[in-house]
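**Q** In the UniProt record's numbering, the protein residues as written are 1 to 271.
Glycine included, C-beta positions come from ideal geometry on N, C-alpha and C.
Only a predicted model underlies this, so the values are computations on that prediction, with no experimental measurement involved.
Below you'll find the structure I mean.
Below you can see the structure in the form of C-alpha cells.
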C-alpha cells in the first residue's frame, strides 16, 4: 500500500497552485525588471532597454539613505521592545494561573487583528491627547504594538511545549531564578525568540499605514517610496529601493521559517 508521502497531487491541483503562485509573485518580478529599465518616467512593456545606471543614481541619493537608516533604526528598536514585552507576556500567560488570563492573551493579540488604519488613528488620537510630539519614538511605539504579537505567539507556543519538569529539576539542583532562566529557559526559547524577532523586524521595516499616522516630518523607506510614486521624478529609483525592501523583508522571514519548521520535534531540547 502506497503511503501518503509518496502520493502525487492531481495535475489540475498542480496547475491551480502554479497559477496562484504566479498571480501573487509575478508583480514582484515586474518590479525587479523595471529597476533596470532605461525609461525614467513611465512603465512600458516590454521595457525599451535595460541599464544598471539607476543603481548608481540610487546609491547617490541622500534621501534614500536617510529613509533607510530611519527604517532600520525604528525596526531594530521596535523589535527589541517587542522581544522583551512579548517574552514577559508569554511567560505570564503560559506559566501562571490567574483570573482573566485568556482575556489578557486576547488583548495582546488584538492589535495585529485590527486594521492598521484603526490602530493608526487610535495611536494618533492618544498622542494628541497626551500632547506627545510626533517623532521617531512615536513611530517605534506604533510599530511595537503589533510587533509584540508575533514575538508573543512564538514564545507562548515554545513555553507550552517546554516541560515544566525541566524548571523544577533546575530548582531542585540548587539553581536560582536567574540561573534557571539562563541555562534552561533561554536555550529552549532561543530559536522561537529569534524567529519572532526577525518576523517583527520584517513587519516593522515595511509598515506604511501605522507609520503614516504616527510619524511627524520623518519618512521611513516605505513612506518615501509612497511619496515618490505620488510625485515621480525617477521611477526606476523607486523600483531599485523596492528591490531592497523585498530582499530585506524576505531573508528574515525565510530564516525564521527554517528555524521554526521543525519546532515540534525539538521542543524542550534547546535547539
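Where does residue 87 fall in DSSP's three states?
**A** helix
**Q** Do you know how far the Cα of residue 189 is from the Cα of residue 271?
**A** In this prediction, residue 271 scores a pLDDT of 34, lower than 50, which makes its location untrustworthy; no coordinate-derived value is stated.
**Q** Just list the residues that DSSP pairs residue 37 with in beta bridges.
**A** 50
**Q** For residue 78, which of helix, strand or coil comes out of DSSP?
**A** helix
**Q** Can you tell me whether residue 266 is helix, strand or coil according to DSSP?
**A** For residue 266, the predicted model reports a pLDDT of 38, less than 50, meaning its position is unreliable and no value from the coordinates is stated.
**Q** CB-CB under 6 angstroms to residue 228, same chain, minus the five flanking residues each way: which ones, in chain order?
**A** 238
**Q** Rounded to whole angstroms, what's the CA-CA distance from residue 268 to residue 81? Just pull it up for me.
**A** With a pLDDT of 34 at residue 268, under the threshold of 50, the predicted position of this residue should be treated as unreliable, though the coordinate-derived value follows. About 25 angstroms.
**Q** Comparing C-alpha positions only, which one of 214, 223, 242 and 248 sits nearest to residue 134?
**A** 214
**Q** Do the stretch 53-60 and the stretch 151-162 make contact, defined as three or more Cβ pairs closer than 8 angstroms?
**A** no
**Q** Rounding to the nearest angstrom, what Cα-Cα distance links residue 226 and residue 161 in this structure?
**A** 42 angstroms
**Q** Note down, in chain order, each residue of its chain lying with its Cβ closer than 7 angstroms to the Cβ of residue 202, except the 5 sequence neighbours on either side.
**A** 249, 252 and 253
**Q** Does residue 143 pass the burial test, meaning 16 or more other C-beta atoms within 10 Å, or should it be called exposed?
**A** buried
**Q** Tell me which residues share the same chain as residue 273 and place their Cβ nearer than 8 angstroms to its Cβ, disregarding the 5 neighbours each side in the sequence.
**A** Because the chain is modelled from 1 through 271, residue 273 falls outside the range shown and cannot be assessed.
**Q** Once DSSP output is grouped into helix, strand and coil, what is the label at residue 60?
**A** coil
**Q** Can you list, in chain order, the residues of its chain whose CB lies under 6 angstroms from that of residue 158, leaving out five sequence neighbours each side?
**A** 189 and 192
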